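**Q** Just passing along the structure, written as structure tokens.
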Amino acid sequence: EVVKETMEKAPYMEQLIDIYCGPERVTAKEQNEELERVASTLPENLPSSVKNFTNRALLSLK
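Position in the sequence shown counted from 1, then plus 18, gives you our numbering.
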């Protein structure tokens, strides 16, 4: 009975596994590198309040 129930849920389990472990997943390191790259594209002449906000946003996303 347990095996039958598990096999009925197998397609859903496969989808979950693909979401979290599939070929399109992004590692934390890759995500951090992308965040740093985007933050480094900000112009230098921004007000300090914008820079502070960006730094806080980066920290919270990490």
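Don't be surprised by glycine CBs; every beta carbon is placed ideally from N, CA and C. None of the values given here were measured: they were computed from a predicted structure.
Rounded to a whole number of angstroms, what is the C-alpha to C-alpha distance between P65 and N73?
**A** Taking the straight line joining both Cα atoms gives about 13 Å.
**Q** Report the three-state DSSP secondary structure of L64 (helix, strand or coil).
**A** Coil, per DSSP.
**Q** Taking the alpha carbon of A57 as the point to measure from, which residue in E48, S78, Q33, K69 has its own alpha carbon closest?
**A** Out of E48, S78, Q33, K69, K69 has the C-alpha closest to the C-alpha of A57.
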